[in-house]
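Chains as they are written, first to last, in my numbering: chain A, 33 to 369; chain B, 33 to 369.
Glycine is no exception: its CB is placed at the ideal position from the N, C-alpha and C atoms.
There are 2 protein chains.
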Amino acid sequence: MDVKAARSPAMTDVARLAGVSHQTVSRVLNDHPNVREQTRLRVRAAIAELGYRPNRAARALVTGRSQLIGIVAQNSTLYGPASLLAAFEQAAAEAGFAVSVGSVGRLDRESIAGAVERHLDQRVAGLVVIAPVKSADDALEDMPVGVPLVTIDGDPQRSHTLVTVDQAAGARAATEHLLAAGHRTVWHISGPVDWYDAAWRIEGWRGALEDAGAEIPPLVTADWSASSGYDAGRMLARMPEVTAVFAANDHQALGLLRAFSEHGRRVPQDVSVVGFDDVPEAAYFIPPLTTIRPDFDAVAQAGLDLLLAQLTDEAAPPNRVVIAPTLVERASVAPPG
Amino acid sequence: MDVKAARSPAMTDVARLAGVSHQTVSRVLNDHPNVREQTRLRVRAAIAELGYRPNRAARALVTGRSQLIGIVAQNSTLYGPASLLAAFEQAAAEAGFAVSVGSVGRLDRESIAGAVERHLDQRVAGLVVIAPVKSADDALEDMPVGVPLVTIDGDPQRSHTLVTVDQAAGARAATEHLLAAGHRTVWHISGPVDWYDAAWRIEGWRGALEDAGAEIPPLVTADWSASSGYDAGRMLARMPEVTAVFAANDHQALGLLRAFSEHGRRVPQDVSVVGFDDVPEAAYFIPPLTTIRPDFDAVAQAGLDLLLAQLTDEAAPPNRVVIAPTLVERASVAPPG
DNA sequence: GGCAATCTTGTTATCGCTAACACTTACCGT
DNA sequence: ACGGTAAGTGTTAGCGATAACAAGATTGCC
């Protein structure tokens, strides 16, 4: 109907309609205290009537800051990282922030640096980096970011604000659960050791074994995939002394179950398995998988809160939050033999 | 070192250093033809020396357009949607676009409309909506978007530019594969019927059955989860006449396998199963799952290309691209009996 | 060699908003 | 009644880029 719907209304249009200056409109928009209630209502009405929406670019230009949060993450369909990303988007959206995602193919220095710079280009208000390997942390270390930064699953040694899942505690819980079922020791299939996640899970596993005075079997390293879990499983399946295995994630555990099944080793009668992540499918593995569930939503929320705190209060100190995972018992663990 | 690293350099700073006007700098940045080579080099050098990076907000303000592409998708850890999203981010980043993700909790009209509006607020240059249900399409239909729009897995009846996986062809391939193995008919566990994906897979399945003159068993509907696949499986497992099942996705198929396993029905000896999606774990199910693989990267690339075409050429006609999936044979299909 | 056409560059206005300041009115205490 | 403070509003000046136009430099052609 409107012939000249060409340009969307600007603040001055609202101002004219409401009979005030554009600055007053701006004040209403930004909830400034010193506006008479009546004026406020008039402006609000005009905004509604015109369907006015502030131009973020203009605001960003003048304030030098946007309502955009950048996330840097590895481009991956692995459940853990993908969930984290989804949870973060959700949390940020609820807080009224738009989210710009920069996925990187690899987590090396240049990729991370590039993704961060692309975000900086866009004048993001803050940055979340899922940085589970050293190279990612390194890239951030000597980079003048200039905006609030939160890393997820990074290295606690670093200076930046950080949220992590307590990987070691989760691994410890998994290991102790297997020990408590009566197993003499627990084997571990780890993730790539340059991942902090993997390193801490190893540490937790080893710590639990040491505390229990159990023998520490050689570490079996793999990547995070089902395929690598399967390969590891084929080896383990041939060793009768292996009665309990803690896999660094559920994908691996799936591969493991398949390998055991092929070799006629029954889970949990012959060998017990615990995973990590609690993928939605874990309850439908054969058998249902006992696993460790990190609370990705909590991680994301904590990360966002920390970021927002830095946004509001420049002087907010670097901070860290550790989220404890929980053990989910299903049917893949039983006493040995 | 730099005491006043406070403000990042602007175009005028570059201009001053290069001894030209800021407009010339702008021309260099935008690859305008009429700039002397020597000047161009001088400006480039100044840019490099200062580490200058253009302010996107300022550009967006004056041009009314950003280098930002918005994606609207359901917040989900399901493999299909998540892969699509990841693939799209990847493709867009490679094309030099930033990606703003607006995940929505549900795919109803308001959620979609809200997410679209939030993106519009930010002056995205274009919009990609993963709109696999009618309500999503509806929301877009009567919404003056005003920017190029591409829908993924939407309804071909609609007027907007569209990229889809050829769900029906995939379903047909799955069904025919089972028929070719000698099964008299094929049962189907579908996704929620309000999803186009689900509807077309049903159509493909039914079409293949009709063409083969096979009896059409009642449709078993489920959601996309392993859990619902398991529930459906428990029912099917009790029916000896069921020898072949096509599940609408691999998650369901996993639940199905578990149910069959519990009831002592061996796959593939007693019953054959085909899934859809080819999740990375499918090869490690028990048994390895024969499934249909949609090429998510191709979908994302096509979507982006279509969007870019609209961006460059206002008059580009609405277009559609259909990506054909392929059958991946593994070990979950065998002749009956 | 002279004039038009073209290339190269600079000047000015403008996008839509917020910050800073100025101004008016109302209310306070003495 | 009067200066002083605070509340409410308007005016002006940018933020950092592009667009439109203007103007000087160079080229081409007869």
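Apart from the 5 residues on each side of it in sequence, D327 (chain B) sits with its Cβ closer than 6 Å to the Cβ of I355 in its chain, given in chain order. DSSP links I103 (chain A) through a beta bridge to A:V133 and A:V160. Scanning its chain for C-beta atoms nearer than 7 Å, with the 5 sequence neighbours on each side dropped, one finds around L82 (chain B) the residues P41, D45, V46 and L49, in chain order.
At a cut-off of 8 Å, the C-beta of V131 (chain A) has a neighbouring C-beta in chain B. Of the candidates B:A127, B:F317 and B:T344, the residue whose Cα lies closest to the Cα of A363 (chain B) is B:F317.
Rounded to the nearest angstrom, the gap between the Cα atoms of E149 (chain A) and S132 (chain A) is 13 Å.
The contact set of G112 (chain A) on chain B, defined by CB atoms closer than 8 Å, is empty, because the minimum CB distance reaches about 10 Å.
Between the stretch 296 to 313 of chain B and the stretch 242 to 253 of chain B there are fewer than three inter-stretch CB-CB distances shorter than 8 Å, so the stretches are not counted as touching. Looking at the DSSP output, F317 (chain B) bridges to nothing. Neighbours of N87 (chain B) across chain A, judged by C-beta separation under 8 Å: L93 and R155. In the three-state DSSP reduction, V331 (chain B) falls in the helix class (H, G or I). Proximity of S58 (chain A) to chain B, defined by a Cβ-Cβ separation below 8 Å, is not satisfied.
In this structure, DSSP gives L181 (chain B) an extended state, which the three-state scheme calls strand. Considering only A:L288, A:F292 and A:V165, the residue with the shortest C-alpha distance to V225 (chain A) is A:V165. Sequence-distant partners of G287 (chain B) (beyond 5 residues in either direction) whose C-beta falls short of 8 Å from its own C-beta, in its chain, are S257, A258, S259, S260, G261, Y262, D263, A264 and G265. Sequence-distant Cβ neighbours of A276 (chain A) in its own chain, meaning closer than 6 Å and more than five residues away, are L210, H215, V218 and S304. Inclusion of V331 (chain A) and V195 (chain A) in the CB contact set at 8 Å is warranted, their separation being smaller than that value.
Remark: C-beta atoms of L339 (chain A) and G158 (chain A) approach each other more closely than 8 Å. Of the candidates B:R68, B:G178 and B:R238, the residue whose Cα lies closest to the Cα of G202 (chain B) is B:R238.
By the Cβ-count criterion, H220 (chain A) is buried, with 16 or more other Cβ atoms from all chains shown falling within 10 Å of its own Cβ.
The straight-line gap separating the alpha-carbon atoms of H192 (chain B) and L343 (chain B) is approximately 14 Å.
The DSSP-derived three-state label of V46 (chain A) is helix. When the alpha-carbon of R97 (chain B) is set against those of B:G186, B:V75 and B:L152, the nearest one is in B:L152. At a cut-off of 8 Å between beta carbons, A50 (chain A) makes no contact with chain B. Residues of the same chain with a CB within less than 8 Å of the CB of A90 (chain B), apart from the 5 flanking positions on each side, do not exist.
Boundaries for G186 (chain B): no beta strand (DSSP E) harbours it, and the DSSP string shows neither H nor E there.
If you draw a 10 Å sphere on the C-beta of A212 (chain B), you find fewer than 16 other C-beta atoms in it, and that means exposed.
Exclusion of the five residues before and after H54 (chain A) leaves M43, T44 and A47 as the residues of its chain whose Cβ lies within less than 6 Å of its Cβ. In chain A, no part has a C-beta under 7 Å from the C-beta of Y84 (chain B); the shortest such distance is about 11 Å. Only residues of its own chain outside the window of five on either side were considered, and among them V195, V353 and I355 have a CB closer than 7 Å to the CB of A334 (chain A), listed in chain order.
Around the beta carbon of Q284 (chain A), a 10 Å sphere encloses 16 or more other beta carbons of the protein chains shown; the residue is thus reported as buried. Cβ-Cβ distances below 7 Å link V299 (chain A) to L289, F292, V305, P319 and S364 in the same chain, with the five nearest sequence neighbours on each side left out; the list follows chain order.
Exclusion of the five residues before and after N107 (chain A) leaves S135, V136 and G137 as the residues of its chain whose Cβ lies within less than 7 Å of its Cβ. Its chain contains G158, L339, Q342 and L343 as the residues whose beta carbon lies nearer than 6 Å to that of P180 (chain A), once the 5 sequence neighbours on both sides are disregarded; these appear in chain order. In this structure, F120 (chain B) keeps its C-beta atom at 8 Å or more from the C-beta atom of L100 (chain B). Each of B:A231, B:R204, B:V160 and B:R297 was checked against the Cα of L268 (chain B), and the nearest Cα belongs to B:R297.
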